[in-house]
Structure formats: C-alpha cells, structure tokens
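J.: Sequential numbering of the sequence shown, starting at 4, is according to the working numbering. Note that the Cβ used here is the ideal one computed from N, Cα and C, for glycine as well. Here the structure is a predicted model, which is why all the values come from computation and not from measurement.
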Amino acid sequence: MPDGKTSLLLGRLHNATVEHRSFNDEKNITFQWKKHNPPWIGSGAVSTKEFVYISRDLDTIELGGGRQDAVVIGIGQHFRALPIEVFVHRILKIRHSILRLQARSPQTKVFIKLENTRELGKVVMTMTDWYGRIQNLAQRTVFGDLRLTFLDAWDFTLAANTFNVHPNEMVVSNE
Numbered sequence: 004m005p006d007g008k009t010s011l012l013l014g015r016l017h018n019a020t021v022e023h024r025s026f027n028d029e030k031n032i033t034f035q036w037k038k039h040n041p042p043w044i045g046s047g048a049v050s051t052k053e054f055v056y057i058s059r060d061l062d063t064i065e066l067g068g069g070r071q072d073a074v075v076i077g078i079g080q081h082f083r084a085l086p087i088e089v090f091v092h093r094i095l096k097i098r099h100s101i102l103r104l105q106a107r108s109p110q111t112k113v114f115i116k117l118e119n120t121r122e123l124g125k126v127v128m129t130m131t132d133w134y135g136r137i138q139n140l141a142q143r144t145v146f147g148d149l150r151l152t153f154l155d156a157w158d159f160t161l162a163a164n165t166f167n168v169h170p171n172e173m174v175v176s177n178e
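1. Among the candidates I57, I94, G135 and F114, whose CA atom is the shortest distance from the CA of V74?
2. Got a sec: is the Cβ-Cβ distance from I64 to anything in chain B below 9 angstroms?
3. Is the beta carbon of R143 closer than 9 angstroms to that of F3?
4. So which of R59, K116, T63 and D132 has the shortest CA-CA distance to G147?
5. By DSSP, does G77 sit in helix, in strand, or in coil?
6. Anyone know if the C-beta pair for S25 and L66 falls short of 9 angstroms?
7. According to DSSP, is A19 helix, strand or coil?
8. Span of the beta strand (DSSP E) holding Q35?
9. For the segment 55-114, list the beta strand (DSSP E) runs that are entirely contained and at least 3 residues long, ordered along the chain.
10. Under three-state DSSP, which class holds T9?
11. Do D62 and R98 have their C-beta atoms within less than 9 angstroms of each other?
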C-alpha cells in the first residue's frame with residue numbers, strides 16, 4: 004500500500020510476512036492480503052506454519068454476500084521454477100473453489116491478477132518471462148469461462164516499461 008496515497012490504515016495480523024490487513028472504517032473498507040501456500044520462492048527464509056491454500060481459504064472466507072465484496076487472486080511468480088503441471092493442478096483447485104464461492108455468494112466480484120513481467124537475474128532459465136507467459140495462458144484457459152475479471156498485469160508492466168517482480172506504484176495503482 005503506497006504511504007500517503009490511501010486512506011486505508013495498515014494493520015498487521017499474525018506474522019506480517021504471512022498476512023496484512025488494512026481498514027477504512029469511514030468508507031467501510033477492509034483489505035486483506037494473505038500469502039499463498041508454498042511454493043514461496045524468495046531471498047529469505049519463510050515460515051510455512053500459517054500458510055493456507057488459496058482454494059481452502061476461498062472455501063472458508065466469510066463475506067457479507069453483497070455487491071461490495073471482492074476477491075483478488077494473484078498467483079504465479081513463485082511457481083515459475085516448477086513444472087507447469089504443478090501450477091495447473093493448483094489453479095484447477097482454485098477454479099473449483101471460485102465456483103463454490105460464487106454459488107454461496109453470487110454477487111461477490113472475483114478478479115484474477117495475471118502475472119507481470121520481471122527482471123532477469125541469475126536464474127534466467129527458471130524464472131524467465133517465457134514461463135510467466137505460459138502460466139498466464141494457463142490461467143486464461145482454466146478461468147476463462149468463469150464469471151470473473153482478469154487484471155492483465157503483463158500489459159500494465161509492458162506499457163510502463165518496468166521489469167520487476169514487484170511492480171512499481173504506478174503499475175499497482177492502475178491494476
């Protein structure tokens with residue numbers, strides 16, 4: 004969340020590396036970010052004790068059931084180093100959970116944030132944008148017939164000429 008550019012106040016639940024929550028009581032907005040379960044490829048050690056599979060979280064999430072509810076799912080970058088079959092297996096499970104979520108809360112809006120481009124470092128062969136492109140195509144295929152919206156982060160990052168695994172503020176604000 005960009006400092007000073009939002010009226011949401013950042014609060015933390017549990018381990019800050021696992022979950023973030025922001026609130027705006029005046030506008031009745033709650034924003035919650037959770038880390039998906041492994042694989043979680045990063046530069047530091049990560050505890051996996053509190054990780055939850057996205058599909059399980061979607062099955063247990065409590066929503067008000069109104070038009071104001073929204074769920075945004077972003078998955079991909081941490082799967083680039085793995086075989087595509089692992090990624091497809093995971094998003095198929097998420098697909099079934101989205102269908103269950105929409106059955107019990109039909110007005111909830113669902114967004115799938117597609118992958119963005121990234122820098123190329125030491126692990127060019129496993130983290131290249133080629134795998135990201137394949138994973139984007141897999142997400143469009145698996146989720147394409149569902150009632151949801153794709154956030155095409157790939158096009159955002161290309162248009163902004165930014166190549167970073169963590170897109171800059173301009174890209175994020177446009178997503």
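T.: Reading from the atomic positions:
1. F114
2. The chain labelled as chain B is not found in the depicted structure, where only one protein chain is given.
3. Nothing can be reported for residue 3, as the shown portion of the chain is limited to 4 through 178.
4. K116
5. strand
6. No. Outside cutoff.
7. Note that A19 scores a pLDDT of 47, beneath 50, so its modelled location is shaky and nothing firm can be said.
8. I32 to K37
9. As for any beta strand (DSSP E) of minimum length 3 sitting wholly inside the segment 55-114, the runs are 73-77, ordered along the chain.
10. Bear in mind that a pLDDT of 47 at T9, under 50, signals an unreliable position, so the model cannot answer this.
11. no
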